[in-house]
């Protein structure tokens, strides 16, 4: 969802402001969506966010991009858009707090009531829209991407320590990108001051994870929350495509749609030749139960090419979601056939419903977290589910990762780096139990859904299980109740048992596409070796070349699961190549000036057009 907001201070910045608008709309494909004194909103692409001007006593004083729902109405079971009237008349931080406390959705709010002061920028707690802030020539810019030319950020540079951190731990891709020269707004954060350098964190998962709910009424609370989240994701008059994987989470979304009377135009399932990668049986059961026509698409192993790398590398945030070009291609063929405008998924269900760390769950039980029945019986359930002994789980809960896992980490080709600052959510966990810490880390990992993909540029992506109400509710439910029995995600299975096909509700196996990606990586080895062995990550010392060369041999991949590590390295190598090229081009061209060439020409053309 491409958007760009320009806010200028009164005075000389008018020339730069007009020049930027002229270049962006005349040469870079941006379209004007809203204009007011000293403020302009531009959008780009097929899928664009809703644009809501914030009208106050002094006129339009800001804008909200995206969807905003009324929290009180949602609590009573009604999907209603939030009333934003008068919001901008409050002080910026107060207005931001009102949105956090009284509304929810997927939005970025920009408060610029007094143009002589830099705007305040709030990103909603789920982070559904990305937001980056920079300033130049008296203009503050907020966007989901960084344009070229005279509106581009000044002083862009690769942040190598942060890049090394992402390489070492890809779960951090939801944090600030490894790019200097702009400021990333975190979910639940309000940025203000010059170029967004000041910060107020208005929402954190810690507040909910530390305040466990009573067990009474949890099943009904969970059903109501899923219902309102799914209804809100499909609240517009748009054709829906539902991805049904065959697993529990997507089945809950699909059957909830049916219960609400919202029938998708179709559903899609991807299957592989390996038995563990073929979940058609369960997906068809869900489709039959909901009366939704299912398109089952065979996936063959793919080979990466230059185009796959280039697309994902162009975003400000490195995209690990764009390295499966066949997935996007096949999905978009079905989108086109059905004329679908929204893709609904079950993404995030493993985090909110808790299909996560068994040892941490055992640690919570040992620490006295509430559970149904005997504590020893629940430990036995976890042990049977993970095919481990109770003593093994208890030992790991106390002492940490087993020796075998630490030994495997020592074989990695990625060199350890000094840790950059953790995502703020992960550094604010005092008093949070081990299992809840794992859940928060899963939420941070889920933030990468906003990274650039072809499917996201062609259709609106909706992940209702990652809505703010769902996150807040499930954080407040003890993990020992969310996943209490021999089946993981126990509470969700109980809450939706009457909606789900029995085949799905009682399923204990889980699909596995490790072998599929292994074959795809093997088919891509020639291009991977060419890009990585003499690439920038090796040159900067972030990768051990000898170990990498060994990992990129077919015989090694038979015995060692380096697939994910290799694909992450390839994605980051491509991202570095793109941004170093862009930075070098900008340096060669020189900083766009308002006198001489560059933006002045755009202003001149606009002036002539007015005559």
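Residue numbers (full-length UniProt numbering): 1 to 611. Where a beta carbon is used, it is the ideal one built from N, C-alpha and C, also for glycine.
- Item | Rounded distance between the beta-carbons of residue 7 and residue 115, thought under 8 Å | Contact check for residue 115 and residue 7: beta-carbon distance about 7 Å, within the 8 Å limit, so the pair qualifies.
- Task: Using only alpha-carbon positions, find the residue among 166, 191 and 256 that is nearest to residue 179.
- Result: 166
- Determine contact between the stretch 488-497 and the stretch 350-365, defined as no fewer than three beta-carbon pairs at a distance below 8 Å. yes
- Task: Count the CB pairs spanning the stretch 433-442 and the stretch 203-214 that are closer than 8 Å, and state whether there are at least three.
- Result: yes
- Per the contact definition of three or more C-beta pairs closer than 8 Å, is the stretch 338-352 in contact with the stretch 232-251? yes
- Query: Under the rule that 16 or more other beta-carbon atoms within 10 Å means buried, what is residue 31, buried or exposed?
  - Reply: Residue environment: residue 31 is assigned as exposed (fewer than 16 neighbouring CB atoms within 10 Å of its CB, all protein chains considered).
- Rounded C-alpha distance that separates residue 521 from residue 563: 6 Å
- Query: Taking the alpha-carbon positions, what's the residue 153 to residue 535 distance?
  - Reply: 26 Å
- Could you check which residue in 283, 324, 360 and 286 has the C-alpha nearest to that of residue 299? The shortest Cα separation from residue 299 among 283, 324, 360 and 286 belongs to 324.
- Proximity below 8 Å, CB of residue 426 to CB of residue 471: no
- Message: What does the Cβ neighbour count give for residue 44, buried or exposed, with the cut at 16 atoms within 10 Å?
- Response: buried
- Message: What would DSSP say about residue 6, mapped onto helix, strand or coil?
- Response: strand
- Just confirm the distance between the C-beta atoms of residue 244 and residue 289, as a whole number of angstroms; I'd bet it's less than 8 Å. That pair is no contact at about 10 Å.
- Could you tell me if residue 585 is buried or exposed, where buried requires 16 or more neighbouring beta carbons within 10 angstroms of its beta carbon? exposed
- Item | Bridge partner(s) assigned by DSSP for residue 468 | DSSP output for residue 468 lists no bridge partner at all.
- Message: Using DSSP's beta-bridge definition, name the partner residues of residue 269.
- Response: 296
- Segments of 4+ residues assigned as alpha helix (DSSP H) that fall wholly inside the stretch 488-543: 490-495, 502-505, 514-523, 525-532 and 536-539
- How is residue 347 classed by DSSP in three states: helix, strand or coil? coil
- Task: State yes or no: is the C-beta of residue 234 within less than 8 Å of the C-beta of residue 241?
- Result: Taking 8 Å as the Cβ cut-off, residue 234 and residue 241 do not qualify as a contacting pair.
- Compute the distance between the beta-carbons of residue 3 and residue 106, then report whether it is under 8 Å. no
- My guess is that residue 113 and residue 53 are in contact by the Cβ rule of under 8 Å, so how many angstroms apart are they, rounded? Wrong, their Cβ atoms sit about 12 Å apart, outside the cutoff.
- Query: Relative to the C-alpha of residue 85, which residue among 268, 41 and 57 is closest?
  - Reply: 57
- Query: What residue from 498, 508 and 558 has the CA that sits closest to residue 256's CA?
  - Reply: 498
- Message: Here's the rule I'm using: 16 or more other beta-carbon atoms within 10 Å means buried, otherwise exposed. How should residue 524 be labelled?
- Response: buried
- Query: What's the call for residue 460, buried or exposed, on a 16-neighbour Cβ count within 10 Å?
  - Reply: Buried, since its Cβ has 16 or more Cβ neighbours within 10 Å.
- Task: Determine the contact status of residue 664 and residue 223, defining contact as a CB-CB distance below 8 Å.
- Result: This structure does not reach residue 664, given that the chain is present from 1 up to 611, and the question cannot be answered.
- Query: Going along the chain, which residues of its own chain have a beta-carbon closer than 6 Å to the beta-carbon of residue 462, five neighbours each way excluded?
  - Reply: 233, 342 and 344
- Limits of the alpha helix (DSSP H) - the one that residue 415 falls within: Neither: residue 415 is in no alpha helix (DSSP H) and is coded neither H nor E.
- residue 482 versus residue 336: straight-line alpha-carbon distance, rounded: Residue 482 and residue 336 have their C-alpha atoms roughly 38 Å apart.
- Task: Take residue 447 as the anchor and find which of 125, 149, 108 and 19 has the nearest alpha-carbon.
- Result: It is 125 whose Cα lies nearest to the Cα of residue 447.
- So, residue 121 versus residue 64, is the Cβ gap smaller than 8 Å? no
- Task: Using 10 angstroms around the beta-carbon of residue 360, count the other beta-carbons present and answer buried if the total reaches 16, otherwise exposed.
- Result: buried
- Whole-angstrom Cβ separation of residue 318 and residue 528, contact assumed at under 8 Å? No, residue 318 and residue 528 are not in contact; Cβ-Cβ is about 17 Å, not under 8 Å.
- Query: Per DSSP, what kind of secondary structure is residue 558 in: helix, strand or coil?
  - Reply: helix
- Message: Between 303, 218, 47 and 37, which has its C-alpha nearest residue 55's C-alpha?
- Response: 37
- Message: With H, G and I counted as helix, E and B as strand and the rest as coil, what does DSSP make of residue 41?
- Response: Residue state for residue 41 is assigned as strand, using DSSP reduced to three classes.
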